[in-house]
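A short worksheet on the structure shown next.
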Amino acid sequence: MANKPLNTELLDRAIIFAVQAHAGTERRGKGYPYIIHPMEAVEIVATMTSDQELLAAAALHDTVEDTNITVEQIRAEFGDRIAALVAAESDEMPDGLSEEESWHGRKQAAIARLSKASTDAKIVALGDKLSNMRAIARDYEIKGDELWSIFHVKDRKDHEWHYRGLADALRELDGTFAFREFEGLINKVFA
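Everything in the sequence shown is counted per this note's numbering, starting at -2 for the first residue and increasing by one.
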């Protein structure tokens, strides 16, 4: 008996949308196309769920924060649930403050938002945060403390505070391989 084909139409559309939204952009300090990061987030989310809307949200998670795409455009194209998941994963830049000046406030707000978020939002967030932590761990192994100079905030202790706060906010997912990998990498980098 043949397996029923998997319906990936929604995910496929989200991937194409994300590729177009991030076209021509590079992952900061990496030298490769930005879209690699959202695709890794999709792969991580797929280890926790087959829910096509969560996978689509993972593909789209940085479109509102890092491109000129709005939550309203995501809603019109992909519906309320995906728009809400993408919005939950998007930092809001306060007016009149630089990325450096607003960093602590934005990260504290993100940790607080994640602490109260739905399990679905936490799954999408873990896809993003584990992808980020994998890149940090790889780069830290090569560059050591010189790594922190590529970030808006350059103090290693600030990054440790941020990632440990994220781990606490995402602890509901500690039964997953993805969470165990995330926490393990945090403990390795910030030992």
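Cβ coordinates follow ideal geometry from the N, Cα and C atoms, glycine included.
Check, Outcome
"Per DSSP, the bridge partner or partners of GLU23", "PRO30"
"Option in ALA166, ARG131 and LYS119 with minimal Cα separation from ALA84", "LYS119"
"Pair within 9 Å by beta-carbon distance, PRO35 and HIS19", "yes"
"ARG168 versus PHE176: straight-line alpha-carbon distance, rounded", "8 Å"
"Continuous alpha helix (DSSP H) stretch holding ASP63: start and end", "60 to 63"
"From TYR137, ASP171 and GLY172, residue whose alpha carbon lies closest to that of ALA188", "TYR137"
"Cα-Cα separation between GLU74 and ASN184, rounded to whole angstroms", "39 Å"
"Host alpha helix (DSSP H) of LEU3 (start-end)", "Where LEU3 is concerned, there is no enclosing alpha helix (DSSP H), given that its DSSP letter is neither H nor E."
"Contacts around ALA54, its chain only, beta-carbon distance under 6 Å, and the 5 residues preceding and following it disregarded", "ILE79, LEU82, VAL83 and VAL121"
"Nearest-angstrom beta carbon gap, ASP125 and ALA38 [assumed within contact, 8 Å]", "5 Å"
"Exposure of ALA11, with buried meaning 16 or more beta-carbon neighbours within 10 Å", "buried"
"DSSP state of PHE14 mapped onto helix, strand, coil", "helix"
"Cα-Cα separation, TRP100 to ASP155", "10 Å"
"Where MET130 sits in the DSSP three-state scheme", "helix"
"Residue from THR44, LYS104, ILE139 and ILE66 with nearest C-alpha to GLY172", "THR44"
"Segment limits, alpha helix (DSSP H) that includes LYS113", "96 to 113"
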